[in-house]
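S.K.:
Number of protein chains: 2
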Amino acid sequence: MTGDETRSIRLLIADDEHLIRGALSALLNLEPDIEVVGSADNGVSAAELALELKPDVCLLDLEMPQADGLEAAARILSTVATKVVIVTRHARPGVLRRALAARVSGFVPKSTPAEELADVIRDVAAGKRYIDPEIAATALTAERCPLTDRELDALRLSRSTMSVQEIADRLHLAAGTVRNYLSSAMTKLDARSRHEAAELAWQQGWI
Amino acid sequence: MTGDETRSIRLLIADDEHLIRGALSALLNLEPDIEVVGSADNGVSAAELALELKPDVCLLDLEMPQADGLEAAARILSTVATKVVIVTRHARPGVLRRALAARVSGFVPKSTPAEELADVIRDVAAGKRYIDPEIAATALTAERCPLTDRELDALRLSRSTMSVQEIADRLHLAAGTVRNYLSSAMTKLDARSRHEAAELAWQQGWI
DNA sequence: CGCCGACCATGACAAATGTCACTGCTCTAC
DNA sequence: GTAGAGCAGTGACATTTGTCATGGTCGGCG
């Protein structure tokens, strides 16, 4: 309040790919009013760093090992007074829904023009929200997940190359039970194999 | 030879993700001896731009629509006197092999530290080669692909959620024949389902 | 030539997967 | 309290997938 010099936005970046992390730092440090104060390569250390540095905004990649962007966002927002922007390669409707539920302030796909990212961060730092309009529209037209928890469990494991028996063992269920869940999920999603069903559910962001 | 001012390296960047493209530009433009002269979001326009701009080095992402990094590299190197560096998220041994066959000069995963990228580009511009040591070692220990052409065809299609019958139709074969190819591929790769076999072959970069 | 090996192709059989009908159990909501 | 929804399981059955034995074709090669 003493003059026209605005305090710059302190930013934390998390992305598992070193190259991307460095490149984003370089890009955003070019902005006079943004200062990258830290970076992490997974969700767990991102949460720790956020607690330590108390940045104004955290830019989190969705796809990360250990804890993904949503998990990290949840941890960070429950312990630190900061804003979170999620960046993602696969912007799926269900993921946006979960991100908003986690009280994230911004959601942008990696296909966003680089010039816009700084503006998004400024908006978010100022207390506004920014949701990529494309994804928002898709999410609004996409129907809500019709699957039960157990069906989702079975589908999740079906994305790997496990057999039905292996999935059953993992879930502590009988093989026939798992087949039933998968079968009903396939019916609901209009899929012709459990793999197709798992793929569809993944695309929707339900698993 | 007239003084200590070296001509800067003219660089072309291709990556399908706008954000990454912009961030890499920002990162590399920070280097005093590197100048980003153009960027493209797919392999086809990368090849066209390279022909037009004749850059010293092309930095190509492997995963791109239209034509992927390898295809773009082949086109570029057959028409323009330039060097190519491939950047990739999934650095698989077989892909490195194909990249080298396409006379690419550099091969780096996206997990490379950002600071190193500029050095790689300088090395390549100077006529040297740079191969990520980690991947090189893996590629040398990995055995050569034991699969026949038809087996690879069948595996490629098995990565989607098609049924065996659909694959057979696509390849103009009997269903039983396709099952045989998949079965023998599974034996060779020690997999327990065609999906697992397709996954393994993909990880090796054979398909 | 005649034989070999590699690849391609098929049909018969076995095992895994998907479908359906039905039985309980435990919640929650009306 | 009882109807509905989700969860867990069973058994019978059809379909799909994986395995195996077998033949065909083609290009080397002695």
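Those protein sequences? They're chains A and B, same order as listed. 347 is the number that our numbering gives the last residue of the first sequence; the numbers go up by one with no jumps. 347 is the number that our numbering gives the last residue of the second sequence; the numbers go up by one with no jumps. Built from N, CA and C at the ideal position, the CB exists for glycine as well.
Here's a check: name, in chain order, each residue in its chain whose Cβ is nearer than 6 Å to the Cβ of B:Trp342, leaving out the five neighbours to either side.
M.R.: As a first step, residue 342 of chain B must be located in the second sequence, where it is residue number 202. Excluding sequence neighbours, B:Trp342 sits near nothing in its chain.
S.K.: Going along the chain, which residues of the segment 160-189 of chain A sit with their C-beta nearer than 8 Å to a C-beta in chain B?
M.R.: If the cut-off is 8 Å between Cβ atoms, the segment 160-189 of chain A has Ile160, Arg161, Gly162, Ala163, Leu164, Ser165, Ala166, Leu167 and Leu170 near chain B.
S.K.: Measure the Cβ-Cβ separation of B:Ser246 and B:Val235 and say whether it is below 8 Å.
M.R.: The count along the second sequence starts at 1 and reaches residue 246 of chain B at position 106. The count along the second sequence starts at 1 and reaches residue 235 of chain B at position 95. Looking at the sequence shown, residue 246 of chain B is not Ser but Gly. No, the Cβ-Cβ distance between B:Gly246 and B:Val235 is not below 8 Å.
S.K.: Is the Cβ of A:Lys328 closer than 8 Å to any Cβ of chain B?
M.R.: Mapped onto the first sequence, residue 328 of chain A falls at position 188. Closer than 8 Å to the CB of A:Lys328 there is not a single CB belonging to chain B.
S.K.: Sorted by chain position, which residues of the same chain lie with C-beta nearer than 8 Å to B:Ala254's C-beta, five sequence neighbours on each side aside?
M.R.: On the second sequence, residue 254 of chain B is found 114 positions in, with the first residue counted as 1. Closer than 8 Å at Cβ, skipping near neighbours: Leu167.
S.K.: Going by DSSP, name the residue or residues bridged to A:Leu200.
M.R.: Your numbering for residue 200 of chain A matches position 60 in the first sequence. A:Ala154 and A:Ile226, per the DSSP bridge assignment.
S.K.: Give every residue of the same chain whose Cβ lies closer than 6 Å to the Cβ of A:Glu175, excluding the five residues on either side of it in the sequence, and list them in chain order.
M.R.: Counted from its first residue, the first sequence places residue 175 of chain A at position 35. Cβ within range, chain order: Ser148 and Arg150.
S.K.: Determine the closest residue to B:Ile349 out of A:Thr219, A:Asp263, A:Leu257 and A:Arg290, with distance taken between C-alpha atoms.
M.R.: Outside the displayed span of chain B (141 to 347) sits residue 349 of chain B, for which this structure offers no information.
S.K.: Please name the residues in the segment 251-282 of chain B whose beta-carbon is closer than 9 Å to at least one beta-carbon of chain A, in chain order.
M.R.: Ser251, Thr252, Pro253, Ala254, Glu255, Glu256 and Leu257
S.K.: Quick check on A:Ala266: does DSSP put it in helix, strand or coil?
M.R.: Taking the first sequence and counting its residues from 1, one reaches residue 266 of chain A at position 126. In the structure shown, A:Ala266 sits in coil (DSSP, three-state: anything other than H, G, I, E or B).
S.K.: Can we say the segment 278-297 of chain B touches the segment 316-330 of chain B, given the rule of at least three CB pairs closer than 8 Å?
M.R.: yes
S.K.: Taking C-beta pairs closer than 8 Å, name the residues in chain B that A:Glu339 reaches, listed in chain order.
M.R.: Residue mapping note: residue 339 of chain A aligns to position 199 of the first sequence, counting from 1. Under the 8 Å cutoff, chain B gives Thr301.
S.K.: Expressed to the nearest angstrom, what Euclidean distance is found between the alpha-carbon atoms of B:Ile153 and A:Asp309?
M.R.: As a working mapping, residue 153 of chain B is identified with position 13 in the second sequence. As a working mapping, residue 309 of chain A is identified with position 169 in the first sequence. Roughly 48 Å between the two C-alpha positions.
S.K.: Return no unless some Cβ of chain A is closer than 8 Å to the Cβ of B:Ser218.
M.R.: Locating residue 218 of chain B in the second sequence gives position 78, where the first residue counts as 1. So, not an interface residue.
S.K.: Is A:Val248 helix, strand or coil by DSSP?
M.R.: Within the first sequence, residue 248 of chain A is the residue found at index 108, counting from 1. Reduced to three states, the DSSP call for A:Val248 is strand.
S.K.: Could you check what DSSP says for B:Gly162 in three-state terms: helix, strand or coil?
M.R.: For this step, residue 162 of chain B is matched to residue 22 along the second sequence. Reduced to three states, the DSSP call for B:Gly162 is helix.
S.K.: Would you mind telling me which residues of chain B sit closer than 8 Å to A:Ser333, beta carbon to beta carbon, in chain order?
M.R.: Here residue 333 of chain A refers to the residue found at position 193 of the first sequence. What A:Ser333 touches in chain B: Thr301 and Ser303.
S.K.: Under a Cβ-count criterion, where at least 16 other Cβ atoms within 10 Å of its own Cβ denotes burial, should A:Arg243 be classed as buried or exposed?
M.R.: Your numbering for residue 243 of chain A matches position 103 in the first sequence. Its Cβ having fewer than 16 others within 10 Å, A:Arg243 is exposed.
S.K.: So which of A:Ser303, A:Leu311 and A:Pro286 has the shortest CA-CA distance to A:Ser324?
M.R.: Indexing the first sequence from 1 puts residue 324 of chain A at position 184. If we check each option's Cα against that of A:Ser324, A:Pro286 comes out closest.
S.K.: Quick one: list the residues of chain B neighbouring A:Glu291, beta-carbon separation under 8 Å, in chain order.
M.R.: Within the first sequence, residue 291 of chain A is the residue found at index 151, counting from 1. Ordered by position in chain B, no residue passes the 8 Å Cβ test against A:Glu291, which lies about 17 Å from the chain.
S.K.: Considering only DSSP beta bridges, list what A:Ser179 is partnered with.
M.R.: One-based indexing of the first sequence puts residue 179 of chain A at position 39. A:Ser179 is bridged to A:Ile153.
S.K.: Leaving out the 5 sequence neighbours to the left and right, which residues in its chain are closer than 6 Å to A:Leu164 when beta-carbon positions are compared?
M.R.: For the purposes of this step, residue 164 of chain A is taken as residue 24 along the first sequence, with counting starting at 1. Within the same chain, A:Leu164 has close Cβ partners Ile153.
S.K.: Do you know how far the Cα of A:Asp272 is from the Cα of A:Asp263?
M.R.: Position 123 of the first sequence, counted from the first residue, corresponds to residue 263 of chain A. Position 132 of the first sequence, counted from the first residue, corresponds to residue 272 of chain A. So the alpha carbons of these two residues sit roughly 13 Å apart.
S.K.: When the cut-off is 8 Å and only beta carbons count, does A:His158 lie next to chain B?
M.R.: On the first sequence, position 18 is the one that residue 158 of chain A refers to. With 8 Å as the cut-off, A:His158 counts as an interface residue toward chain B.
S.K.: Since B:Asp293 is in the alpha helix (DSSP H), which residue starts that stretch and which ends it?
M.R.: Translated into positions along the second sequence, residue 293 of chain B becomes position 153. Counting along the chain, B:Asp293 sits inside the alpha helix (DSSP H) bounded by residues Asp289 to Ser298.
S.K.: Assuming B:Gln206 and B:Gly178 form a contact by the criterion Cβ under 8 Å, report the distance between their Cβ atoms to the nearest whole angstrom.
M.R.: If you number the second sequence from 1, residue 206 of chain B lands on position 66. If you number the second sequence from 1, residue 178 of chain B lands on position 38. The pair is not a contact, with the Cβ atoms about 17 Å apart (cut-off 8 Å).
S.K.: For B:Asp208 versus B:Asp181, is the C-beta distance shorter than 8 Å?
M.R.: In the second sequence, residue 208 of chain B corresponds to position 68, counting from 1. In the second sequence, residue 181 of chain B corresponds to position 41, counting from 1. Taking 8 Å as the Cβ cut-off, B:Asp208 and B:Asp181 do not qualify as a contacting pair.
S.K.: If you drop the 5 nearest sequence neighbours on each side, which residues of the same chain put their C-beta closer than 6 Å to that of B:Arg229?
M.R.: The residue you call residue 229 of chain B lines up with position 89 of the second sequence. Excluding positions up to five away in sequence, the list reads Lys250.
S.K.: Just to confirm before moving on: does the CB-CB distance between A:Val220 and A:Ala190 stay below 8 Å?
M.R.: Walking along the first sequence from the start, residue 220 of chain A turns up at place 80. Walking along the first sequence from the start, residue 190 of chain A turns up at place 50. Yes, these two residues count as a Cβ contact at 8 Å.
S.K.: Under DSSP, the alpha helix (DSSP H) around A:Val220 begins and ends at which residues?
M.R.: In the first sequence, counting from the first residue as 1, residue 220 of chain A sits at position 80. Here A:Val220 belongs to no alpha helix (DSSP H), and DSSP marks it neither H nor E.
S.K.: Please name the residue or residues paired with A:Ile271 in a DSSP beta bridge.
M.R.: One-based indexing of the first sequence puts residue 271 of chain A at position 131. DSSP output for A:Ile271 lists A:Phe247 as bridge partner(s).
S.K.: Could you give the residue range of the alpha helix (DSSP H) that holds B:Gly234?
M.R.: In the second sequence, the residue the question calls residue 234 of chain B occupies position 94. First-last of the alpha helix (DSSP H) with B:Gly234: Pro233 to Ala241.
S.K.: Under the three-state reduction of DSSP, which class applies to A:Ile347: helix, strand or coil?
M.R.: For this step, residue 347 of chain A is matched to residue 207 along the first sequence. Looking at A:Ile347 - three-state DSSP - the assignment turns out to be coil, as it is neither helix nor strand.
S.K.: Taking the straight line between their C-alpha atoms, what separation do you get for B:Ala212 and B:Pro172?
M.R.: Taking the first residue of the second sequence as position 1, residue 212 of chain B is located at position 72. Taking the first residue of the second sequence as position 1, residue 172 of chain B is located at position 32. The alpha-carbon atoms of B:Ala212 and B:Pro172 are separated by roughly 27 Å.
S.K.: Mind checking A:Leu329: buried by the 16 CB within 10 Å criterion, or exposed?
M.R.: As a position in the first sequence, residue 329 of chain A is number 189, starting the count at 1. A:Leu329 should be labelled buried.
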